[in-house]
Amino acid sequence: MPNLLLIESSNEICSVALSQEKSIIQEKYIDKPNSHSVYLAPFVNEVLNNATMSINELDGVVISDGPGSYTGLRIGSSLAKGICLGAGIPLMAISTLKGLAKKALNDYPSVDQAIALVDARRSDAYIGVYNQQLKPIIKEQFITINSELKIEKSNAVVVGSGAMKFINELDVKKELKHSESVLYAKDLLDEAMLKWTKRDFVDLTSYEPNYIKSVFVTKPKSKF
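In the numbering used here, the protein residues as written are 224 to 447.
Okay, here's the thing in C-alpha cells:
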C-alpha cells in the first residue's frame, strides 16, 4: 500500500495529512484565513518528521483540486507539483466539491443527493450535485444563486461555504438538510486510493487546479 501525502488548500483551512496502509498516521491543520503561504510547507515537513519518513519514501501526493480560493489552490498545487517532480512520484487531484459531498452524504445517509457549494462572493457560488454513489447529477459549474435557479431540492443535503447563501435564497419550504462539515486533507484519502488503484494520475507538466472560472489579474492603472 502506498505512502501518500495529502494536501487541502482550497478553503480557509490549511491542512496536511500523511497516510500509510490506507490509514491516516499524521495530520496537521489550522483554521486561519490566508494562512497557506505561511503554514503549508512547514506542515508538510512536520507530518513527515513526526512519522520519521522522508520525501523519498512517499509514493504519491494528493491535492484538493478546487474550486475554491485562487491563492490557496495555487500555493497548494505549486508545493505538490514541486514535491512530485523532485521525488519522481505521481500527483492525484480530488474534486473539492466531490469531497464535500462525500462528507455530507456520510452525515445524512438517508438523503438522495448532496448539493455542494463553495462561496464565490456576492450571490455567486461553485456548485456540484451528487447522488449517493457520488455520481454527478449536475456537473461542477459557476452559478448565481437567485430565484431563477432550478435545482431539485427534495431529500437533499447542502454543504460547503456557499450552503447558507443557497438555503436562505432558495429553501422557502425549509426542506433542505444542512451539513456543516468542512474538508480536511485526511478526507481525500478514500478517493485517492481509488485513483491510486486505477493509476489515475495528473500530467505534472500541464496540471492546473480546477478554478472553473478563469483567473483574472487586474493591472494597476498608470499614474501618467
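Just so it is clear, CB atoms sit at the ideal spot from N, CA and C, and this is done for glycine as well. These numbers come from a predicted model, not from an experiment.
- Annotation for Ala343: no alpha helix (DSSP H) segment contains it, and DSSP assigns it neither H nor E.
- A direct Cα-to-Cα measurement between Ile286 and Ser377 gives close to 32 Å.
- Arg297 and Ile390 have their C-alpha atoms spaced approximately 30 Å apart.
- Counting only residues of its own chain and dropping the five nearest sequence neighbours on each side, Asp335 has a CB closer than 8 Å to the CB of Asn354, Gln355, Ser377, Asn378 and Ala379.
- The beta carbon of Ser318 is closer than 6 Å to those of Asp288 in its chain, skipping five residues each way along the sequence.
- Glu244 is classed as exposed because its beta carbon has fewer than 16 other beta carbons within 10 Å across all chains shown.
- In this structure, Ala316 is the residue among Ile366, Ala316 and Ala386 with its C-alpha nearest to the C-alpha of Tyr430.
- Contact annotation: Ile247 and Ala303 have beta-carbon atoms that are not nearer than 7 Å.
- Residue burial annotation: Pro265 is exposed, with fewer than 16 other C-beta atoms found within 10 angstroms of its C-beta.
- Pro432 and Ser258 have their C-alpha atoms roughly 18 Å apart.
- Asn268 and Glu392 have their alpha carbons spaced roughly 43 Å apart.
- The C-alpha of Ile435 is placed about 22 Å away from the C-alpha of Ser238.
- Collapsing the DSSP output to three states places Leu228 in a strand.
- With contacts defined as CB atoms closer than 7 Å, Ala343 and Ala324 fail to qualify as a contacting pair.
- By the criterion of a C-beta distance shorter than 8 Å, Ser277 is surrounded in its chain by Leu271, once the five residues flanking it on both sides are discounted.
- Excluding sequence positions up to five before and after Ser402, its CB lies within less than 6 Å of the CB of Ala327, Asp330, Val380 and Val382, all in the same chain and listed in chain order.
- Taking the Cα positions, Gly283 is about 11 Å away from Lys418.
- Linking Gly299 to Val341 through their CA atoms gives a straight-line distance of about 17 Å.
- CA-CA distance, Lys388 to Ile253, rounds to 25 Å.
- In the displayed model, Pro265 falls within a helix according to three-state DSSP.
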